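Under our numbering, think of the first position of the sequence shown as 279, with each following residue one higher.
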Amino acid sequence: MKRYNILFAFSLCLCLLLGCTTANAAFSDVEPGSWYESAVTQMAEKQLLTGYADGSFRPNQTISAAEFVAITARTAGTTPGQGQSGHWAAGYLQRALEAGWYDWDELPPTGEGYDQPIPRQLAVKILMKALLPSVRGDYNSESAKISDFSQLNGRYYEAVLAAYACGVVQGDASGAFRPTSGLSRAEACILIQRAEKLAGEGGNPGTPEQPSQPDPKPPEPVTSIRGGVSENGWLQVKGAQLCNQAGQPVALRGMSSHGLHWFGQFTNAQSIQNTARAGANVFRIAMYTGEGGYLSQPEQVKRQLIAAADAAIAQDMYVILDWHILSDGDPSAHTQEAVAFFTELAQRYKDSPAVLYEICNEPNGGISWSGNVKPYAQQVVNAIRAQSPQGVILIGSPTWSQDIHQAAADPVVGENLMYTLHFYAGTHGQDLRDRIDAVRAQGFAVFVSEWGTSRADGNGGVFLTESAQWLDFLDQRGISWCNWSLCDKNETSAALRPGTNPNAQWGPESLTESGQFVFSRFGK
Ligand code: IDC
Numbered sequence: 279m280k281r282y283n284i285l286f287a288f289s290l291c292l293c294l295l296l297g298c299t300t301a302n303a304a305f306s307d308v309e310p311g312s313w314y315e316s317a318v319t320q321m322a323e324k325q326l327l328t329g330y331a332d333g334s335f336r337p338n339q340t341i342s343a344a345e346f347v348a349i350t351a352r353t354a355g356t357t358p359g360q361g362q363s364g365h366w367a368a369g370y371l372q373r374a375l376e377a378g379w380y381d382w383d384e385l386p387p388t389g390e391g392y393d394q395p396i397p398r399q400l401a402v403k404i405l406m407k408a409l410l411p412s413v414r415g416d417y418n419s420e421s422a423k424i425s426d427f428s429q430l431n432g433r434y435y436e437a438v439l440a441a442y443a444c445g446v447v448q449g450d451a452s453g454a455f456r457p458t459s460g461l462s463r464a465e466a467c468i469l470i471q472r473a474e475k476l477a478g479e480g481g482n483p484g485t486p487e488q489p490s491q492p493d494p495k496p497p498e499p500v501t502s503i504r505g506g507v508s509e510n511g512w513l514q515v516k517g518a519q520l521c522n523q524a525g526q527p528v529a530l531r532g533m534s535s536h537g538l539h540w541f542g543q544f545t546n547a548q549s550i551q552n553t554a555r556a557g558a559n560v561f562r563i564a565m566y567t568g569e570g571g572y573l574s575q576p577e578q579v580k581r582q583l584i585a586a587a588d589a590a591i592a593q594d595m596y597v598i599l600d601w602h603i604l605s606d607g608d609p610s611a612h613t614q615e616a617v618a619f620f621t622e623l624a625q626r627y628k629d630s631p632a633v634l635y636e637i638c639n640e641p642n643g644g645i646s647w648s649g650n651v652k653p654y655a656q657q658v659v660n661a662i663r664a665q666s667p668q669g670v671i672l673i674g675s676p677t678w679s680q681d682i683h684q685a686a687a688d689p690v691v692g693e694n695l696m697y698t699l700h701f702y703a704g705t706h707g708q709d710l711r712d713r714i715d716a717v718r719a720q721g722f723a724v725f726v727s728e729w730g731t732s733r734a735d736g737n738g739g740v741f742l743t744e745s746a747q748w749l750d751f752l753d754q755r756g757i758s759w760c761n762w763s764l765c766d767k768n769e770t771s772a773a774l775r776p777g778t779n780p781n782a783q784w785g786p787e788s789l790t791e792s793g794q795f796v797f798s799r800f801g802k
């Protein structure tokens, strides 16, 4: 007994002498008094992080995506789900993906990026979504703090601006954020701890000068006219609102086809009539350009498109001709083909008030609005206008038609133009809704020409609660939409059950869970 007392007294003295605590003694390489010591120690005590088997923490090592997400998830109190790969952190990553902290393409659930360094912009997005989802930063004041703001991908603007506004991120001595570099394990701990502290305080609303910036006030509900072409005539864009010929707000709601060259059977007269009978007043024809679509077999695919458009017009529906770029993410790579195509189609349909032109489904990849999409859009708009003076034209934007704020900052010149915003209810939420409000407040019109009840990969879920929240938001603003997609593919976003007959009338048994929900929302 005596011996233990002596030992205890000895180690206590030693600890007092060295100023050590029990927890940092747990990591051989966490230096007492270092800038990160207390963050690491406290987080270890709370079991939010662990070190390595050899007793080290490796504070200077670049943190991997899996490590970052796991620590953030534990900090947020998230319990691991059922991972899709055997990776140690797959359960946390699955939960984070489901919660919409990141998109599937940023960290595919197959796991190949899990052990790679996480880029700072993605880390900040995950952190803000997980712990401080309601914080916003003012674009002008916060972007001015970031010397390399131009390096930041538009997809991360909101999260990074918010993180600067509330002080989670402070930038380095030169004011740079270095969005695509990694961050050390020590740095990550500091960021996560700062965010946790703010979250505990109820979330810091933003910069001190504008402490209580309220969320943009939802507009008064728009009473929008439904009905088809015979009732509404030529459409026109007045400010942020799509209106009918008489100038009343109008809302189009309907289905998008899947790829015309893959699931063209569901663009026939009977299928389109089935959706019209359920109350849809618009049909979108998704004509893939890549992936074996129009650019590979133009005549055949164009014939199919015209047949589908005529079938929709015969049902008194509006119809969207969609130049469906996807794997071919840069629209300006095929400007000539698009100009020729839209010139021909706009000439053909110049007297039909039913036709809307969607000129680039979803620009993506290493492209920019001002460098690629806008120059393309301006040329195609001009080509359409040479034939059709007033047909409504829908324009996509980078990041799979999410960067409408970039378009609003540098808009295409012309009348009756709308910007498309695409969302998937299992992936996208409030930040995109806020973006819609911000862009509309600037006077630009938004058309949701594609959305899904699933995750952004067309699968997962279905997310009907989130979908209903989205549709209520759109209804309230009189924003038009088309749902992805009218096909029987075995994926949750598909509206039809596998094997559905395109030549028969459909009952509820023909529709998937997604299809039943969407058809019930056309608003007959
Ligand atoms: C998906 C389809 C899927 C197909 C894939 C690639 O649902 O069956 O294999 O495209 O062609 C989009 C695109 C849309 C995608 C959809 C879901 O506009 O073509 O369809 N999505 O991933 N943008 C976001 C999601």
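Yeah, the Cβ is synthetic: ideal placement off N, Cα and C, and Gly gets one too. Treat the numbers as computed from the prediction; the structure is a model and nothing was measured.
- So, is LYS407 buried or exposed, given that buried needs 16 or more other C-beta atoms within 10 angstroms? buried
- Task: Please report the residue range of the alpha helix (DSSP H) in which LEU520 lies.
- Result: Here LEU520 belongs to no alpha helix (DSSP H); instead the beta strand (DSSP E) covers 519 to 521.
- Item | Burial state of ARG581 (16 or more Cβ within 10 Å) | exposed
- Message: Quick check: the Cα distance between ALA343 and GLN668, rounded to an integer number of angstroms?
- Response: Rounded to whole angstroms, ALA343 to GLN668 spans 49 Å at the Cα level.
- Task: Determine the burial state of SER853: buried for a count of at least 16 other Cβ atoms within 10 Å of its Cβ, exposed for fewer.
- Result: Examination of residue 853 is not possible in this model, given that the chain is present from 279 through 802 alone.
- Message: Can you look up SER792 in the DSSP assignment and give me helix, strand or coil?
- Response: helix
- Whose C-alpha, out of ALA564, ASP381 and ALA477, is nearest the C-alpha of SER412? Nearest neighbour of SER412 by Cα position, chosen from ALA564, ASP381 and ALA477, turns out to be ALA477.
- Item | DSSP state of LYS475 mapped onto helix, strand, coil | helix
- Item | 8 Å Cβ cutoff, PRO386 in contact with chain B | Here chain B cannot be found, since the structure has a single protein chain.
- Task: Could you check which residue in GLU376, GLN625 and GLN448 has the C-alpha nearest to that of THR731?
- Result: GLU376
- Hey, would you say the C-beta of SER767 is under 7 Å away from at least one heavy atom of the ligand IDC? Residue 767 is actually Lys in this sequence, not Ser. Under cutoff, so the answer is yes.
- Task: Please find out if some non-hydrogen atom of the ligand IDC comes closer than 7 Å to the beta-carbon of ASP594.
- Result: no
- Proximity test, TYR702 beta-carbon vs the ligand IDC heavy atom, cut-off 7 Å: Answer for TYR702: yes, Cβ within range of the ligand IDC.
- Message: Please report the distance separating the alpha-carbon of LEU623 from that of THR613.
- Response: One C-alpha to the other measures close to 15 Å.
- Item | Simplified DSSP assignment, three categories, for ASP715 | helix
- Item | Helix, strand or coil at GLU569 according to DSSP, with G and I counted as helix | Coil.
- Query: By how many angstroms is the C-alpha of GLU636 removed from the C-alpha of ARG718?
  - Reply: Going from the Cα of ARG718 to the Cα of GLU636 covers about 19 Å.
- Query: At what residue ranges does the region 390 to 475 contain a whole run of the alpha helix (DSSP H), taking only runs of 4 or more?
  - Reply: DSSP runs (the alpha helix (DSSP H)) wholly in the region 390 to 475: 398 to 409, 417 to 421 and 435 to 444.
- Query: Is it the case that the Cβ atoms of GLY571 and HIS536 are separated by a distance below 8 Å?
  - Reply: no
- Excluding sequence positions up to five away, which residues of its chain have a Cβ less than 6 Å from the Cβ of GLN575? none
- Task: Verify the contact flag: ALA734, CB atom, against every heavy atom of the ligand IDC, threshold strictly below 7 Å.
- Result: Yes.
- Candidates PHE701, CYS765 and ASN781, of which the one nearest LEU752 by Cα: Ranking the options by Cα distance to LEU752, first place goes to PHE701.
- Message: Considering only heavy atoms of the ligand IDC, does any lie closer than 7 Å to the CB of LEU461?
- Response: Closer than 7 Å to some heavy atom of the ligand IDC: that does not describe the Cβ of LEU461.
- Item | Residue span of the alpha helix (DSSP H) that contains VAL347, given as start and end | 343 to 353
- Task: In angstroms with no decimal places, state the Cα-to-Cα distance between ASP307 and ARG336.
- Result: 7 Å
- Helix, strand or coil: which one does DSSP assign to LYS516? strand
- Query: With TRP647 and ALA685 assumed to form a contact (beta carbons below 8 Å), what rounded beta-carbon distance in angstroms separates them?
  - Reply: 6 Å
- Message: I need the straight-line Cα distance from GLY359 to GLY542, nearest angstrom please.
- Response: 38 Å
- What first and last residue would you give for the alpha helix (DSSP H) that runs through THR743? 742 to 755
- Own chain, CB closer than 6 Å to THR778, minus 5 neighbours either side, in chain order: Around THR778: ASP766 and SER788.
- Message: Is it the case that the region 368 to 384 contacts the region 437 to 455, given that we only count it when at least three CB pairs across the two stretches are under 8 Å?
- Response: no
- Euclidean distance between Cα positions of PRO641 and TRP313: The alpha-carbon atoms of PRO641 and TRP313 are separated by roughly 43 Å.
- If you follow the beta strand (DSSP E) that GLU728 is part of, which residue opens it and which one closes it? 724 to 730
- Item | Residue environment, SER771, which counts as buried when at least 16 other CB atoms sit within 10 Å | With at least 16 other beta carbons inside 10 angstroms of its own, SER771 counts as buried.
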